[in-house]
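**Student:** These protein sequence lines are chains A and B, in that order.
Position 121 (the first sequence) corresponds to 121 in my numbering; numbering is contiguous.
Start counting at 1 in the second sequence, then tack on 1000, and there's your number in my numbering.
Here it is, the structure in full.
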Amino acid sequence: MEISMKINGAEVTHDVESRTLLVHFVRENAGLRGTHWGCDTSNCGACVLWVDGTPVKSCTMLAASAAGHDITTVEGLEKDGKLDPIQQGFIECHGLQCGFCTPGMLMTGRWLLDNNPKPSEEEIREGISGQLCRCTGYKNIVDSIHWAADHPAENEVSA
Amino acid sequence: MQTPAPVDYVRATSVADALSLLQQHGDEARLLAGGHSLLPMMKLRLARPDILVDINDLDELRGIRVEGNEIVVGAMVTHAEILSSPILFEHYPIFREAEKVIADPIVRNKGTMGGSMCQADPAEDLSAVGAALRGTVVIQNAEGRRTVPMREFHEGPYETKVADGEILVEVRYPILPGAGSAYEKVERRSGDWAVCAAGACVTISGGVFTSVGIGIGAVNAEHFTAVDAEAYLVGKEPTAENIAAAAQMAADSCDPSADQRGPADYKKHLAMELTKRALTRAAAAAKGA
């Protein structure tokens, strides 16, 4: 079936099987490999992207269900060549090691701050409780999100 | 790589349209709500529908509203919406307490009440909440609507009263003025299914319980509740002794099986302890307590 959706503002149309998962549509058909494909069981959160502004685990949504909707992936975070503060926070606070969980963490972290600009540590930990990181022990990720909360306008690091 | 088997897909444009599609395809069709129970089942080939009828466009199945002395929750209301609903929190904090421990925040953005209830996992939290609140499920088919009490909704694990060609459209919860409610759950890790969970909703007048609702999940409680313990408490004072006796009766009525989440006697102990805690906090929150 032919499916069209907006991904990071650009209309994308492909003919795919109706069983195609959104994560595969984004990676294989749209060619945006920033969204990671992890556990396949809606546990790890590496595949989190936004559908109409809300984070969703894209391994557990059909591309067909996303047709006609606005998708934002990690590639959509930078604006005019400037990194989003959440991305800068992960650089400043070493919020990643292998980087596999990072796209999901960034998308959830940005959304968390959009809804709660000054979250407590507990609120951040609850916010990312649907994502798994096997490297950092989460401390640096929590620090990174805190950094972004403290520097909402410092979008000076070039992408 | 886990991908569902080949399946056809169609988007319903209304409840009437969805019902006609279901009728057309019989038991080979399944409704696709949030997909967070069905798609994992399809990946594992535990579910193999030939066609998915996507009902995500049906705004008539959304919304939380008060109608008369009931709160009406649409089938497509997400867990995140239940968690943040001021109406539900005002009347029944049990919803917020239960939702906070259902899956994780991202899954809650997509998973729906109707989808969870129709999946009917024996550890499903909203089934225990609905039993405690004595909710009513509204089911629609080609002939019209019918209602089923929450306490008769489950036919068994993963089986409900919703038949082929039918849609769960909403659940109605009676508003009990001054009620107190609470939810307790033990899980192995954040966002997991319950090892055991218990909810309570009580009213108190003149120093005694005037109504008691108990919901228990994951330990094979009949209809997710404990009617003998409820009956025992009505008319009694909300003392620690009375509540402990009722909690023990509730646990005795459960029949948990041993599995990777723990041995049966541990689960029975949890049923007692969590029922006690839920009743104690619900009683303390009830007006007139």
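Glycine included, each C-beta is placed from N, C-alpha and C at the ideal position.
What does a CB cutoff of less than 7 Å around Gly1207 (chain B) pick up in its chain, not counting 5 residues either side in sequence?
**Tutor:** Excluding residues within five positions, the ones whose Cβ falls inside 7 Å are Glu1237.
**Student:** Applying the 10 Å Cβ sphere with the 16-neighbour rule, what's the burial state of Glu1152 (chain B)?
**Tutor:** Its Cβ having fewer than 16 others within 10 Å, Glu1152 (chain B) is exposed.
**Student:** Using a Cβ-Cβ cut-off of less than 7 Å, give me the residues of the stretch 35-51 of chain A that come near chain B, in sequence order.
**Tutor:** If the cut-off is 7 Å between Cβ atoms, the stretch 35-51 of chain A has Asp40, Thr41, Ser42, Gly45, Val48 near chain B.
**Student:** If distances are taken between C-alpha atoms only, which option among B:Asp1255, B:Val1171, B:Leu1044, B:Lys1043 comes closest to Gly1130 (chain B)?
**Tutor:** Here the closest residue by C-alpha is B:Val1171.
**Student:** If we ignore side chains and look at the alpha-carbon of each, how far apart do Asp1059 (chain B) and His69 (chain A) end up?
**Tutor:** Approximately 16 Å between the Cα atoms of the pair.
**Student:** Give a yes or no on whether 8 Å exceeds the smallest Cβ distance from Asn1069 (chain B) to chain A.
**Tutor:** Cβ-Cβ to chain A under 8 Å: no for Asn1069 (chain B).
**Student:** Under 9 Å between beta-carbons, which chain A residues line up against Pro1006 (chain B)? List them in chain order, please.
**Tutor:** Chain A residues near Pro1006 (chain B): Glu17, Ser18, Arg19.
**Student:** Does Lys1267 (chain B) pass the burial test, meaning 16 or more other C-beta atoms within 10 Å, or should it be called exposed?
**Tutor:** With 16 or more other Cβ atoms within 10 Å, it is buried.
**Student:** Which residue's Cα is closest to the Cα of Asn1056 (chain B): B:Arg1108, B:Leu1133, B:Arg1011, B:Glu1124?
**Tutor:** Checked all of B:Arg1108, B:Leu1133, B:Arg1011, B:Glu1124; the closest Cα to Asn1056 (chain B) is B:Arg1011.
**Student:** State buried or exposed for Ile91 (chain A), treating a residue as buried only when at least 16 other CB atoms are found within 10 Å of its CB.
**Tutor:** Exposed, since its Cβ has fewer than 16 Cβ neighbours within 10 Å.
**Student:** My output table needs one value for Leu21 (chain A): the three-state DSSP class, helix, strand or coil.
**Tutor:** Of the three classes helix, strand and coil, the one that applies to Leu21 (chain A) here is strand, per DSSP.
**Student:** Could you tell me which residues DSSP pairs with Trp50 (chain A) in its beta bridges?
**Tutor:** Beta-bridge pairing links Trp50 (chain A) to A:Pro55, A:Thr72.
**Student:** Out of curiosity, what's the CA-to-CA distance linking Ile1167 (chain B) and Ala1033 (chain B)?
**Tutor:** Taking the straight line from one Cα to the other gives about 11 Å.
**Student:** Round the Cβ separation of Ile71 (chain A) and Leu77 (chain A) to the nearest angstrom and send it over; I've been treating them as touching at under 8 Å.
**Tutor:** Not really, about 13 Å apart at Cβ, beyond 8 Å.
**Student:** Counting C-beta neighbours from all protein chains within 10 Å, is the total for Pro1049 (chain B) 16 or more, i.e. buried, or is it exposed?
**Tutor:** Its Cβ being crowded by 16 or more others within 10 Å, Pro1049 (chain B) is buried.
**Student:** Could you give the first and the last residue of the continuous alpha helix (DSSP H) run that contains Pro1043 (chain B)?
**Tutor:** Checking the sequence, you will find Lys at residue 1043 (chain B) rather than Pro. First-last of the alpha helix (DSSP H) with Lys1043 (chain B): 1038-1043.
**Student:** Select from the stretch 63-75 of chain A all residues with a C-beta closer than 7 Å to any C-beta belonging to chain B, and list them in chain order.
**Tutor:** So the list reads Ala64, Ser65, given in the order they occur along the chain.
**Student:** Once DSSP output is grouped into helix, strand and coil, what is the label at Phe1209 (chain B)?
**Tutor:** Residue state, collapsed to three classes: strand.
**Student:** If you measure beta-carbon to beta-carbon, which residues of the stretch 1024-1037 of chain B are closer than 9 Å to chain A?
**Tutor:** Listed in sequence order: Leu1032, Gly1034, Gly1035, His1036.
**Student:** Short of 8 Å Cβ to Cβ, which residues in the stretch 96-127 of chain A face chain B?
**Tutor:** So the close ones are Thr108, Glu126, Gly127.
**Student:** Under three-state DSSP, which class holds Asp1104 (chain B)?
**Tutor:** In the structure shown, Asp1104 (chain B) sits in coil (DSSP, three-state: anything other than H, G, I, E or B).
**Student:** Between B:Glu1143, B:Tyr1173, B:Ala1179, which lies nearest to Met1150 (chain B) when the distance is taken from Cα to Cα?
**Tutor:** Ranking B:Glu1143, B:Tyr1173, B:Ala1179 by Cα distance to Met1150 (chain B) puts B:Tyr1173 first.
**Student:** Based on the DSSP output, what are the partners of Val1066 (chain B) in its beta bridges?
**Tutor:** Its beta-bridge partners are B:Ile1071.
**Student:** Using a Cβ-Cβ cut-off of 8 Å, state whether Gly130 (chain A) counts as contacting chain B.
**Tutor:** Taking Cβ atoms only, chain B reaches closer than 8 Å to Gly130 (chain A), which makes this a yes.
**Student:** Between Thr1003 (chain B) and chain A, is the shortest Cβ-Cβ distance under 8 Å, so that the two count as touching?
**Tutor:** Chain A contact via Cβ: present.
**Student:** In the DSSP assignment, the alpha helix (DSSP H) including Tyr1232 (chain B) goes from what residue to what residue?
**Tutor:** Run containing Tyr1232 (chain B): 1227-1233, per the alpha helix (DSSP H) assignment.
**Student:** Taking Cβ-Cβ distances below 9 Å as the criterion, which residues of the stretch 1093-1105 of chain B are in contact with chain D?
**Tutor:** Of the chains in the structure shown, none is chain D; the protein chains are A and B.
**Student:** Measuring straight from C-alpha to C-alpha, what distance separates Ala1285 (chain B) and Ala1179 (chain B)?
**Tutor:** One C-alpha to the other measures close to 8 Å.
**Student:** Is Val1073 (chain B) closer than 8 Å to Thr1113 (chain B) when the C-beta atoms are compared?
**Tutor:** The residue you asked about is not Thr; residue 1113 (chain B) is Met in the sequence shown. Contact: yes.
**Student:** Going by DSSP, which residues form a beta bridge with Glu1241 (chain B)?
**Tutor:** For Glu1241 (chain B), which the question treats as bridged, DSSP gives no partner whatsoever.
**Student:** Starting from the beta carbon of Met1 (chain A), find every residue of chain B whose beta carbon is closer than 8 Å, and list them in chain order.
**Tutor:** In chain order: Tyr1009.
**Student:** Going straight from the alpha carbon of Gly1235 (chain B) to that of Asn1069 (chain B), what length do you get?
**Tutor:** The alpha-carbon atoms of Gly1235 (chain B) and Asn1069 (chain B) are separated by roughly 24 Å.
**Student:** Assuming Leu1274 (chain B) and Ala1197 (chain B) make a contact with CB atoms under 8 Å, what is their CB distance in whole Å?
**Tutor:** About 7 Å; that satisfies the 8 Å criterion.
**Student:** Kindly say whether Lys1043 (chain B), judged by its beta-carbon, lies nearer than 8 Å to any beta-carbon of chain A.
**Tutor:** So yes, Lys1043 (chain B) belongs to the interface.
**Student:** Contact defined as beta carbons within less than 8 Å: I believe Ala1282 (chain B) pairs with Ser1181 (chain B). What is the distance between those atoms, to the nearest angstrom?
**Tutor:** Yes, Ala1282 (chain B) and Ser1181 (chain B) are in contact; Cβ-Cβ is about 5 Å, under 8 Å.
**Student:** Return the first residue and the last residue of the beta strand (DSSP E) that Glu14 (chain A) is part of.
**Tutor:** Residue identity check: residue 14 (chain A) is His in the sequence provided, not Glu. Segment 10-15, the beta strand (DSSP E) holding His14 (chain A).
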